[in-house]
Amino acid sequence: MFRRNLPLLLALALTVQAADTTLTLDVASPVGRVSPIHHGLMTEEINHCYDGGLYAELVRNRAFRDDAEKPVHWSAVAGATLVLDSTVPLNSAIPGSLRVEITAPGGGVANAGYWGMPITPSTRYRATIHAKAAAGFTGPLTVSLQSKDGATTYATTTVRRLSPDWQAHEVTLKTARGLTPTTDAQLVITSAEPGTLWLGFVSLFPPTWKDRPNGLRRDLMQMLVDLKPKFLRFPGGNYLEGDTIDTRFKWWETLGPIHERPGHPGTWGYRSSDGMGLMEFLLWCEDMGSEPVLGLYAGYSLKGDYVKPGPDLEPFIQEALDEIEYVIGPVTSKWGARRAADGHPAPFPLRYVEIGNEDWFDKSLSYDGRYAQFHDAIKARYPHLKCISSIGNEQPERLRVHSRRPDVLDEHYYRNTETFLEMSPRHFDSYDRSGPEIFVGEWAAHETAFPPWDAKSKGLPATPNLKAAIGDAAFLAAMERASDLVTMQCYAPLLANVNGYQWRPDLIGYDALRSYGSPSYYAIQLFSTHLGDQILRPVFSKSATIQGSATLEAKSGRVFLKLVNPLPSAQPLRIALTGVRSVSRNAKVLTLAGEPTDTNSIAAPTAVVPVASSARVLAPTFDYTLAPTSITVLELKTR
Ligand code: AHR
4 MFRRNLPLLL
14 ALALTVQAAD
24 TTLTLDVASP
34 VGRVSPIHHG
44 LMTEEINHCY
54 DGGLYAELVR
64 NRAFRDDAEK
74 PVHWSAVAGA
84 TLVLDSTVPL
94 NSAIPGSLRV
104 EITAPGGGVA
114 NAGYWGMPIT
124 PSTRYRATIH
134 AKAAAGFTGP
144 LTVSLQSKDG
154 ATTYATTTVR
164 RLSPDWQAHE
174 VTLKTARGLT
184 PTTDAQLVIT
194 SAEPGTLWLG
204 FVSLFPPTWK
214 DRPNGLRRDL
224 MQMLVDLKPK
234 FLRFPGGNYL
244 EGDTIDTRFK
254 WWETLGPIHE
264 RPGHPGTWGY
274 RSSDGMGLME
284 FLLWCEDMGS
294 EPVLGLYAGY
304 SLKGDYVKPG
314 PDLEPFIQEA
324 LDEIEYVIGP
334 VTSKWGARRA
344 ADGHPAPFPL
354 RYVEIGNEDW
364 FDKSLSYDGR
374 YAQFHDAIKA
384 RYPHLKCISS
394 IGNEQPERLR
404 VHSRRPDVLD
414 EHYYRNTETF
424 LEMSPRHFDS
434 YDRSGPEIFV
444 GEWAAHETAF
454 PPWDAKSKGL
464 PATPNLKAAI
474 GDAAFLAAME
484 RASDLVTMQC
494 YAPLLANVNG
504 YQWRPDLIGY
514 DALRSYGSPS
524 YYAIQLFSTH
534 LGDQILRPVF
544 SKSATIQGSA
554 TLEAKSGRVF
564 LKLVNPLPSA
574 QPLRIALTGV
584 RSVSRNAKVL
594 TLAGEPTDTN
604 SIAAPTAVVP
614 VASSARVLAP
624 TFDYTLAPTS
634 ITVLELKTR
């Protein structure tokens, strides 16, 4: 999404100010090669990122397991009685059901989804209802999408006859043309006849990305694809680890038909349906043209439980080897065959695996031993895989891995804007270029010093403002200048439902119907969609407050110059390109600018978006004035 704002751009162009800072860029002398997988995404179940987010399921608590006592998120219609019934299990994975006793005509149940359901015109919704009826009751059931007060019906259909055995009923609900989109909707299942039935699993999907069954929300996928991510780090984050060893991400329990997945508690205060299972993560990568960066559970969980290196750790190593086999094993292998049975005979393109997550929290200092054991087992079986240590150089030396040489170190940086501005000019300069690759697997600029989980953060919106985007861009510039070393980087967290988030700031916000990118989203997009393959070194004539990075696309001669002006005043700059014969007269320019507090939201989704313009470049040395509080990309065609 790029906007043209001619008045602003004209005003800037006409404000010709004398430049006392010169930026020199020697285009003929690249200093390194840009990693081809520099930009990626990090993801985990946090902020209703999947359930109530990217995963398009609309029914909340579809397997009635979110609470052991009550059928939370379900409500009775017309005086029906709802009881969780552990004596009538759906199957071994879902060991209970919801008993619905209908005593009056029109009685039944309703589910209001994740803060509403998205109703759009001319849309087909697919419902799957696993139900069984008590003796003497056969239905029929009316299934409809209604407003929460029941006054408006958006779509309706019928399940004709129930059986005394569990049966999955699939029905389609189609909304009419011309209705106004709304989140004021719930799924309602009722009967005109009194009687008792059990519901074991109720699912409702709108159209999904590429129409995949059990698929992903279209608007959010479009926003992710627009970032051109080259990899996806999953499944966490803390979500990989679980609060306890038993609640870790058990990948094998996330496979197969969705009504046979038990789900698990998750780490961010709500239960995960595991509708986003290992196969869905891999298909998600495939659909974005990204490669997976697979996080392997490595024997440490959030509340401090850990598994001692040695024989105790062996079963966890086997879990990881099996998981890798599921991703890349031949169809003749046990888990490769399972992948084929799950619909994907071809192996996925796995190159990187990460051993654990943020293992510096392990106070027992067992990570070195655990890492070594995983590393040796993985390398023995899959020598081509690169192993990532979850502890990087930003952590104290004594916590890091010493007994093996990790291929890659994962470093995490959650900092405020001021800190990123200070770090940007030199942070990666001291790194040993012959050492491990650096993966900045989580990073984000915060507008404030409040930690994301701090009570003071609670009143703040899910997504950051332009001030944070300035910090993000300064750090992106630092990582891009070092992108021979920082081979991969990804912002975190990626997604947040604005009605239920545990952490801020987050890159993309949404409710059940609408979504928007934060200014940080657009900052990242400016960088990820303007990336050459050779790193150029910007040299400023004096210690500049402007932060910058430049890359060259060798085959086309295009130079992508990114400049970050954190100051509230316009900054004139002389830009001198050396090592070129000529520069095209018109440079394409994209500018993200505004007041530091400017931001986007559900109500104003595009208040801060990049503005497209062009600049006259009459010679390889030219003047350009950067807008106050801005991120600018200049695309210069050189020869
Ligand atoms: O991104 C949110 C959390 O921050 C991740 O789960 C964890 O790895 C980090 O501490």
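Convert by adding 3 to the 1-based position in the sequence shown; the result is the number in the working numbering. Idealized CB from N, CA, C, for every residue including glycine. Computed from a predicted structure; not experimentally measured.
*State the start and end residues of the unbroken alpha helix (DSSP H) segment that holds Ala526.*
Locating residue 526 in the sequence shown gives position 523, counting from the first residue. Here the alpha helix (DSSP H) through Ala526 covers 522–531.
*asked:* Measuring only from the beta carbon, is Ala499 closer than 7 Å to any heavy atom that is part of the ligand AHR?
replied: The count along the sequence shown starts at 1 and reaches residue 499 at position 496. No - the ligand AHR has no heavy atom lying nearer than 7 Å to the Cβ of Ala499.
*Got a sec? Which residues, its chain only, sit under 6 Å from Ala14 by beta carbon, not counting five neighbours each side?*
For the purposes of this step, residue 14 is taken as the residue at position 11 of the sequence shown. Note on Ala14: pLDDT 44, under 50, position unreliable in the model; the coordinate value appears next. So no residue of the chain qualifies.
*Check whether the Cβ of His2 sits closer than 7 Å to any heavy atom of the ligand AHR, and report yes or no.*
Given a span of 4 to 642 for the chain in the structure shown, any question on residue 2 remains unanswerable.
*Neighbour-count burial assignment, Ile634, 16 or more Cβ in a 10 Å radius*: In the sequence shown, counting from the first residue as 1, residue 634 sits at position 631. Looking at its Cβ environment, which holds 16 or more other Cβ atoms inside 10 Å, Ile634 is buried.
*asked:* Quick check on the DSSP output: the beta strand (DSSP E) that includes Met491 runs from which residue to which?
replied: Walking along the sequence shown from the start, residue 491 turns up at place 488. Where Met491 is concerned, the enclosing beta strand (DSSP E) stretches over 489–492.
*What number of angstroms, rounded off, separates the C-alpha of Glu638 from the C-alpha of Tyr355?*
By 1-based counting over the sequence shown, the position of residue 638 is 635. By 1-based counting over the sequence shown, the position of residue 355 is 352. C-alpha separation (whole angstroms): 32 Å.
*Can Phe140 and Leu101 be called in contact, C-beta distance under 8 Å?*
Stepping through the sequence shown from its first residue, residue 140 is reached at position 137. Stepping through the sequence shown from its first residue, residue 101 is reached at position 98. No; because the gap between Cβ atoms is not below 8 Å, this pair is not in contact.
*Taking C-alpha atoms, which residue in Ala158, Glu598, Glu173 lies nearest to Leu182?*
Along the sequence shown, one-based indexing puts residue 182 at 179. Considering only alpha carbons, the answer is Ala158.
*If you measure from the CB of Glu361, is any heavy atom of the ligand AHR nearer than 7 Å?*
As a working mapping, residue 361 is identified with position 358 in the sequence shown. Correct: Glu361 has its Cβ closer than 7 Å to the ligand AHR.
*Three-state secondary structure assigned by DSSP to Ser427*: Taking the first residue of the sequence shown as position 1, residue 427 is located at position 424. Coil, per DSSP.
_Buried or exposed, going by whether 16 or more other CB atoms sit within 10 Å of the CB of Lys233?_
By one-based count along the sequence shown, residue 233 stands at place 230. So Lys233 counts as buried.
_Alpha-carbon spacing of Asp601 relative to Gly240, whole angstroms_ = Locating residue 601 in the sequence shown gives position 598, where the first residue counts as 1. Locating residue 240 in the sequence shown gives position 237, where the first residue counts as 1. Distance between the alpha carbons of Asp601 and Gly240: 29 Å.
*asked:* Given this structure, state the Cα-to-Cα distance separating Ser336 from Glu326, to the nearest angstrom.
replied: The count along the sequence shown starts at 1 and reaches residue 336 at position 333. The count along the sequence shown starts at 1 and reaches residue 326 at position 323. Taking the straight line from one Cα to the other gives about 12 Å.
*Pull up the distance between the alpha-carbon of Thr490 and that of Ala179, whole angstroms please.*
Locating residue 490 in the sequence shown gives position 487, counting from the first residue. Locating residue 179 in the sequence shown gives position 176, counting from the first residue. Going by the C-alpha atoms only, they are around 49 Å apart.
*Alpha carbon to alpha carbon, how far is Val330 from Lys389?*
The residue you call residue 330 lines up with position 327 of the sequence shown. The residue you call residue 389 lines up with position 386 of the sequence shown. Cα to Cα, Val330 sits roughly 15 Å from Lys389.
*Skipping 5 residues on each side, what residues in its chain have a beta carbon closer than 7 Å to that of Trp169?*
For this step, residue 169 is matched to residue 166 along the sequence shown. Cβ neighbours of Trp169 beyond the five flanking positions: Leu93, His133, Lys135, Gly203.
*8 Å Cβ cutoff met for Tyr242 and Glu48*: The sequence position of residue 242 within the sequence shown is 239, counting from 1. The sequence position of residue 48 within the sequence shown is 45, counting from 1. Yes, the Cβ-Cβ distance between Tyr242 and Glu48 is below 8 Å.
*Identify the continuous alpha helix (DSSP H) that holds Leu223 and give its terminal residues.*
Working through the sequence shown from its first residue, we reach residue 223 at position 220. Residues 221–228.
*Count the CB pairs spanning the region 578–589 and the region 608–622 that are closer than 8 Å, and state whether there are at least three.*
yes
_Where Cys3 sits in the DSSP three-state scheme_ = No answer is possible for residue 3: it lies beyond the span of the chain, which begins at 4 and ends at 642.
_Rounded separation between Leu144 and Trp77 - CA only_ = As a working note, residue 144 is residue 141 in the sequence shown. As a working note, residue 77 is residue 74 in the sequence shown. About 17 Å.
*Would the beta-carbon of His643 be found less than 7 Å away from any heavy atom of the ligand AHR?*
Residue 643 lies beyond the stretch modelled for the chain, which goes from 4 to 642, so this question has no answer here.
*asked:* Let's see if you can read the secondary structure: which residues bound the alpha helix (DSSP H) around Gly203?
replied: Against the sequence shown, residue 203 aligns to sequence position 200. From DSSP, Gly203 is part of no alpha helix (DSSP H) but of the beta strand (DSSP E) over 198–208.
_Per DSSP, what are the beta-bridge partners of Lys591 in this structure?_
Numbered from its first residue, the sequence shown carries residue 591 at position 588. Answer by DSSP bridge pairing, in chain order: Ser617, Glu638.
_Simplified DSSP state of Val330, which is helix, strand or coil_ = Sequence index remark: in the sequence shown, residue 330 carries index 327 (1-based). In this structure, Val330 counts as helix in the three-state DSSP scheme.
*Sheet register partners of Ile511 (DSSP bridge)*: Looking up residue 511 in the sequence shown gives position 508. The partner list for Ile511 (beta bridge, DSSP) reads Leu498, Gly520.
*Mind checking whether the beta-carbon of Pro496 lies closer than 7 Å to any heavy atom of the ligand AHR?*
As a position in the sequence shown, residue 496 is number 493, starting the count at 1. Yes; taking the cut-off as 7 Å, the Cβ of Pro496 has a heavy atom of the ligand AHR nearer than that.
*How far does the beta strand (DSSP E) with Glu440 in it reach, from first residue to last?*
Against the sequence shown, residue 440 aligns to sequence position 437. That run of the beta strand (DSSP E) goes 440–449.
*Report yes or no: do three or more beta-carbon pairs, one from the region 365–384 and one from the region 300–308, lie closer than 8 Å?*
yes
*Have a look at Arg127 and Ile538 and give me their C-alpha separation to the nearest angstrom.*
Taking the first residue of the sequence shown as position 1, residue 127 is located at position 124. Taking the first residue of the sequence shown as position 1, residue 538 is located at position 535. Those two C-alpha atoms are separated by around 48 Å.
*Please confirm whether Pro464 and Ser604 have their CB atoms less than 8 Å apart.*
Walking along the sequence shown from the start, residue 464 turns up at place 461. Walking along the sequence shown from the start, residue 604 turns up at place 601. Yes, Cβ-Cβ distance for Pro464 and Ser604 is below 8 Å.
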